[in-house]
Amino acid sequence: MSVLIYIDHADNQVKKSSLEALSYGSDLAKQLGTEADALILGTVEDDLALLGKYGVRNVYQVSNPQLNQLDAQVFTAVIADAISKTGADTIVFSGNATGKAVAPRLSARLKAGLVTGAVALPDTANGFTVKKTVFSGKAFAFVQLLSPIKIISVNPNSYSVKEGSGSAEISSLDITVPAPKVKVTATNKVSGSVPLGEAEIVVSGGRGLKGPENWGMIEELAGLLGAATACSRPVADSHWRPHHEHVGQTGLAIAPNLYIAVGISGAIQHLAGVNRSKVIVVINKDPEAPFFKQADYGIVGDAFEVMPKVIDAVKKLKGK
Ligand SMILES: Cc1cc2nc3c(=O)[nH]c(=O)nc-3n(C[C@H](O)[C@H](O)[C@H](O)COP(=O)(O)OP(=O)(O)OC[C@H]3O[C@@H](n4cnc5c(N)ncnc54)[C@H](O)[C@@H]3O)c2cc1C
Numbered sequence: 004m005s006v007l008i009y010i011d012h013a014d015n016q017v018k019k020s021s022l023e024a025l026s027y028g029s030d031l032a033k034q035l036g037t038e039a040d041a042l043i044l045g046t047v048e049d050d051l052a053l054l055g056k057y058g059v060r061n062v063y064q065v066s067n068p069q070l071n072q073l074d075a076q077v078f079t080a081v082i083a084d085a086i087s088k089t090g091a092d093t094i095v096f097s098g099n100a101t102g103k104a105v106a107p108r109l110s111a112r113l114k115a116g117l118v119t120g121a122v123a124l125p126d127t128a129n130g131f132t133v134k135k136t137v138f139s140g141k142a143f144a145f146v147q148l149l150s151p152i153k154i155i156s157v158n159p160n161s162y163s164v165k166e167g168s169g170s171a172e173i174s175s176l177d178i179t180v181p182a183p184k185v186k187v188t189a190t191n192k193v194s195g196s197v198p199l200g201e202a203e204i205v206v207s208g209g210r211g212l213k214g215p216e217n218w219g220m221i222e223e224l225a226g227l228l229g230a231a232t233a234c235s236r237p238v239a240d241s242h243w244r245p246h247h248e249h250v251g252q253t254g255l256a257i258a259p260n261l262y263i264a265v266g267i268s269g270a271i272q273h274l275a276g277v278n279r280s281k282v283i284v285v286i287n288k289d290p291e292a293p294f295f296k297q298a299d300y301g302i303v304g305d306a307f308e309v310m311p312k313v314i315d316a317v318k319k320l321k322g323k
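Under my numbering, think of the first position of the sequence shown as 4, with each following residue one higher.
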């Protein structure tokens with residue numbers, strides 16, 4: 004019996020969302036009176052022993068380079084094998100793209116109960132009941148896992164990374180990697196910007212910005228704050244911004260520490276993707292804009308007058 008946390012990586016580095024999953028899994032193991040281990044597929048440059056700082060005892064690695072690119076079917080087979088080799092009975096994923104692709108397949112393969120979108124540690128005193136978000140974050144459900152093997156995927160940005168000290172043992176797992184059934188022929192990567200799903204701060208623009216030529220101020224503020232840029236759906240639909248920036252019910256759901264919405268009305272479908280943000284700042288010229296009801300801070304004003312002032316203030320604060 005142990006907790007096994009799946010570690011996701013990109014560009015040779017462990018993803019922040021995996022550090023959250025590690026902290027969650029390690030705390031869960033403590034709660035269950037068992038040990039936490041990590042599993043990583045493929046190769047990374049990061050020193051994996053350092054993952055011990057997040058409370059894991061072993062890092063199991065299947066370092067076949069075929070596993071550097073996500074193939075959900077292959078990953079599912081390899082992780083299922085790793086679970087049987089390590090004897091883990093509780094598996095934790097981050098609910099990021101990899102977790103969304105692999106956890107349900109693993110659940111079907113192992114006939115294991117799965118909770119996606121977990122936002123808190125399970126209540127293990129009363130069965131094994133996990134709190135999760137439902138209806139695009141508008142409500143919570145409490146789901147009891149009854150199967151011997153349990154799988155949980157944790158919503159990104161809903162569990163704090165807890166860093167202590169310690170070093171993990173690295174061991175290689177000897178697992179035969181199955182031949183892929185699909186072949187990736189090209190990958191178009193967005194480079195030079197903070198990945199939206201992982202960003203701590205997001206500066207987002209809506210139709211109130213009138214056109215793509217006015218995104219300079221969104222990008223400038225994002226650059227100063229080390230933030231990612233995002234947009235509302237009509238902005239992406241009008242090709243003012245790329246589709247991967249679209250947040251909301253039909254776009255990416257994010258939960259940054261700070262979400263700055265500029266010229267966005269705050270329609271329910273937009274809020275569905277951003278309402279888990281810790282702090283929301285809204286800049287809108289219409290005091291009746293629905294977004295103000297969700298905002299922690301609001302500025303009623305014309306974005307074209309307010310944004311240059313905000314940018315100047317941030318520059319002053321940062322000494323630029
Ligand atoms: C099934 C379905 C799914 C959807 N999914 C999504 C989704 O995932 N994400 C999403 O975003 N939308 C989604 N939508 C669309 C959603 O309903 C809204 O139409 C959309 O979010 C509105 O985008 P907006 O706020 O940028 O534009 P608008 O509604 O046009 O609002 C523009 C805002 O800018 C303000 N403004 C105008 N000029 C200025 C200025 N100079 N300075 C400051 N403020 C100004 C206005 O007061 C207004 O509040 C979906 C709709 C449907 C039906």
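Note that the Cβ used here is the ideal one computed from N, Cα and C, for glycine as well. It should be emphasised that the depicted structure is a prediction, and the values quoted were computed from it without experimental measurement.
Whether residue i touches residue j by CB criterion (7 Å)
i: Ala225; j: Val206; result: yes
i: Ile283; j: Tyr262; result: yes
i: Ser280; j: Pro293; result: no
i: Ala24; j: Ser97; result: yes
i: Gln252; j: Ala231; result: no
i: Val62; j: Ala32; result: no
i: Gln34; j: Thr132; result: no
i: Ala121; j: Lys135; result: yes
i: Gly266; j: Gly208; result: yes
i: Leu22; j: Val197; result: no
i: Val317; j: Val180; result: no
i: Ala171; j: Ala52; result: yes
i: Val17; j: Asp50; result: no
i: Asp162; j: Tyr27; result: The identity of residue 162 in the sequence shown is Tyr, whereas the question assumes Asp. Contact: yes.
i: Asn15; j: Val59; result: no
i: Leu148; j: Gly116; result: yes
i: Asn71; j: Ser20; result: no
i: Glu248; j: Ala270; result: no
i: Ile314; j: Glu223; result: yes
i: Arg112; j: Ala75; result: no
i: Asp11; j: Thr101; result: yes
Heavy atom of ligand 1 within 6 Å of residue i beta-carbon
i: Ile221; result: no
i: Ser268; result: yes
i: Gln297; result: no
i: Thr136; result: no
i: Thr253; result: yes
i: Arg236; result: yes
i: Gly116; result: no
i: Lys288; result: yes
i: Ala292; result: yes
i: Ala306; result: yes
i: Gln272; result: yes
i: Arg244; result: no
i: Gly209; result: yes
Residue i versus the options, residue with shortest Cα-Cα distance
i: Ile178; options: Pro290, Ser29, Ala85; result: Ala85
i: Lys56; options: Ala231, Ser29, Tyr300, Ile82; result: Ser29
i: Asn160; options: Glu201, Leu148, Val197, Leu53; result: Glu201
i: Ser156; options: Thr93, Leu176, Lys184; result: Thr93
i: Gly304; options: Gln297, Val6, Val317, Pro290; result: Pro290
i: Ala83; options: Leu44, Val277, Leu227; result: Leu44
i: Ile221; options: Ser139, Asn67, Lys312, Asp49; result: Lys312
i: Thr89; options: Val118, Asp315, Tyr9, Ala121; result: Tyr9
i: Asn217; options: Val193, Leu228, Lys288, Trp243; result: Trp243
i: Ile154; options: Leu212, Ser110, Leu73; result: Ser110
i: Val105; options: Pro125, Leu73, Tyr27; result: Leu73
i: Gln64; options: Gly58, Ala41, Gln76; result: Ala41
i: Ser174; options: Lys323, Ser66, Glu38; result: Ser66
i: Gln272; options: Met4, Phe138, Thr46; result: Phe138
i: Leu184; options: Gly116, Met310, Val77; result: Position check: residue 184 holds Lys in this sequence, whereas Leu was assumed. Here the closest residue by C-alpha is Val77.
i: Phe307; options: Lys296, Lys288, Pro151, Lys321; result: Lys288
i: Ser87; options: Leu176, His246, Pro237, Ser235; result: Leu176
i: Asp240; options: Val277, Gly254, Lys296; result: Gly254
Helix, strand or coil at residue i according to DSSP, with G and I counted as helix
i: Gln252; result: coil
i: Gly214; result: coil
i: Asn191; result: coil
i: Asn287; result: strand
i: His242; result: coil
i: Asp315; result: helix
i: Lys281; result: coil
i: Leu51; result: helix
i: Lys134; result: strand
i: Leu117; result: strand
i: Thr93; result: strand
i: Glu201; result: helix
heavy atom of ligand 2 below 6 Å from residue i C-beta
i: Leu224; result: Of the ligands one can find in the structure shown, namely ligand 1, none is ligand 2.
Min CB distance residue i to chain B below 7 Å
i: Gln69; result: No chain B is present in this structure, which holds just one protein chain.
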